[in-house]
Structure formats: C-alpha cells, structure tokens
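Working notes for the structure below.
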Amino acid sequence: MEITSDNILDINKRAIKLWEYCGLDAEDYDTEDYVVIGEETINFSFPGDEDCVQITVDDLISITDKLDTYEEKGETTVRCANLSQTVIDIEYNWYYDGEILNEIYETNSFVASIVENPILIGIRNLRHGCYNYDFWSPCRCFHAVEFRYKESVKKLPYEQELQEIYRFLFALNIKNNYLIRISDLPEIEIGELIDNESIEESDLENYDFFREKEQIVHKSSDLPKESPMLKMYLDALSIRDKSLRFLLFYKIIEYNDSVKFEVVQPWLSR
38 MEITSDNILD INKRAIKLWE YCGLDAEDYD TEDYVVIGEE TINFSFPGDE
88 DCVQITVDDL ISITDKLDTY EEKGETTVRC ANLSQTVIDI EYNWYYDGEI
138 LNEIYETNSF VASIVENPIL IGIRNLRHGC YNYDFWSPCR CFHAVEFRYK
188 ESVKKLPYEQ ELQEIYRFLF ALNIKNNYLI RISDLPEIEI GELIDNESIE
238 ESDLENYDFF REKEQIVHKS SDLPKESPML KMYLDALSIR DKSLRFLLFY
288 KIIEYNDSVK FEVVQPWLSR
C-alpha cells in the first residue's frame, strides 16, 4: 500500500502507536521525516540505529491492528498478526548472508525466509531494554527466520513451526556449508559484538554486494522429513570438540536415514 494524502494521518497514528508500544516517547518520533506521501514504507530510527529501519505500510497496518496477538515464545521467537520471527546466528562469515536472503521455503500456508532487520525482534528488544544508544541496535544487529502466513490461514502452533524451521535451516546449512542456527533472544546485558577481525579482506573484495541474485524457492517436498534428529544435527554443528561432534553425527546417521554420511562428512573435518 502506498502512502497518500488520504491515509497519511491514519498511518502517522499507527506509527506513533507502534513507537509507544515499544516503550518509546511519542515526542521522539518525527512523522514528517519518516512518513512520506508516495512511499510504500515508513522509517523508524530506533535507539542505537545509525540508519533507519524500514517497515512496509502493509506490515504496519497488520501489526498495529493485531497488537493483542503479540507474543514471545520460548527464548527465540516473537509472533504478531500474520508474522513470526525466530532469531538466528549466521557463522562469522556474515557477508555470505546475501546469498541466503534469496532462499525461501513456501507452502500453501506460509512463506519462510531469512530476513535482515527483523521488526518483531526489534519491538521485543525495545520493550525489554535490550539495546544501547551508542552502539547496539535493537533491530539492525539481527537476522531471523521469518514466517509470513498467508491470508485467512491460521498460524502453525509454535512447536510445529519450530519443526519447519529445523527442516529449512537443515537444507540451508547443507547447501551453504556454513553454520546457520537458531539463537536466543538477547538479555538486558548485550552479548559479544561481531568479530570483524575474523573476516578476510580478500573475501570482502571478491564479494559483490550489489549483484542481482535469483530467488530460490524450496517446496516442502525438497526438504527432509520432520525428525528430532534435525535439531540434533543443527546442535551438533556448533560443537567445537571434534570427538564429541563425531559421536553425535554417528548417532544421527545410525538412527536416521534422512541424514547421510556425505552430508555430515564436511563438518567432521572442521
């Protein structure tokens, strides 16, 4: 939806409503700069952000219409309206995330993808004070698996949605050969910053951030069958001790035919 002279007042009210829901002072939100006629997105300059975070007008309307559905599930997920976002860690090679942002998992009920600047995670962090005015954004520092449920379709129960996330992340880990895993939402005390020293300059020079990338769509039939072993596999990837990692992978291969040796072999040598 585009911002017009007919709807701009309503959109301004909604923007301020969401701003206040985050626990922020309405006087600090400048609608003249952030809500502009002709645009399909609005800007939020959250505390700790050097740049604005954009949210589509459609998402703003959907979220503000159904703030009563806002909920935090477990230590990982925030849900509201037709959206659900689960925070993830991407291995230190952060510049590779441009590749996986084009991978989606689509069913008749939802479209799942990896997103930057997850707005629901940002709302949650603001409400809990998990940000720093000087260096840590409540939103821009994070990636999430986003489930966008289609109209008139009920959201999956949280536990069932998690199983679908494991299937999706399993496929992405196998394809990209670097670690993508579900993380915990931050506590009041912000954790470690990204270790930029671990990134090789040569890798950055060879990476084209602006090249066009083709969207890749995964159907349910493309992903492994639902299994508790998928979570165990994702957990095993993050274990640094090679002996323990080998033992877990051995058990996974032994008890589940969805995960073959050739799948785990590259990770055994790390």
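Take the sequence shown: its position 264, counting from 1, is numbered 301 in our numbering, and each next residue is one higher.
We put the beta carbon where it would ideally sit given N, CA and C, even for glycine.
Alpha-carbon to alpha-carbon, residue j and residue i
i	j	result
residue 273	residue 126	15 Å
residue 88	residue 72	15 Å
residue 78	residue 168	23 Å
residue 90	residue 217	23 Å
residue 42	residue 74	7 Å
residue 50	residue 197	35 Å
residue 140	residue 52	30 Å
residue 86	residue 177	7 Å
residue 201	residue 137	17 Å
residue 199	residue 112	12 Å
residue 181	residue 148	13 Å
residue 268	residue 179	21 Å
residue 235	residue 128	With a pLDDT of only 38 at residue 235, under the threshold of 50, the placement of this residue in the model should not be trusted; the figure read from the coordinates follows. Their backbone Cα atoms lie some 11 Å apart in a straight line.
Residues of its chain near residue i, where Cβ-Cβ distance is below 6 Å and the 5 sequence neighbours each way are ignored
i	result
residue 183	122, 150, 152
residue 67	none
residue 76	40
Simplified DSSP state of residue i, which is helix, strand or coil
i	result
residue 207	helix
residue 63	helix
residue 298	The pLDDT assigned to residue 298 is 46, lower than 50, so where the model puts this residue is not dependable; a value taken from the coordinates is nonetheless given after this. Residue state, collapsed to three classes: helix.
residue 94	helix
residue 42	coil
residue 47	helix
residue 169	strand
residue 114	strand
residue 120	strand
Same chain only: Cβ atoms within 7 Å of residue i, ignoring 5 sequence neighbours per side
i	result
residue 163	59, 60, 61, 83, 175
residue 57	63
Cβ neighbours of residue i in the same chain (closer than 8 Å, five flanking residues each side left out)
i	result
residue 99	118, 119, 120
residue 271	203, 206, 207, 210, 218, 219
Run of the beta strand (DSSP E) containing residue i, from where it starts to where it stops
i	result
residue 78	78-81
residue 185	180-186
residue 190	It is not in any beta strand (DSSP E) - residue 190 carries neither H nor E in the DSSP assignment.
Residue interval of the alpha helix (DSSP H) (run including residue i)
i	result
residue 71	68-71
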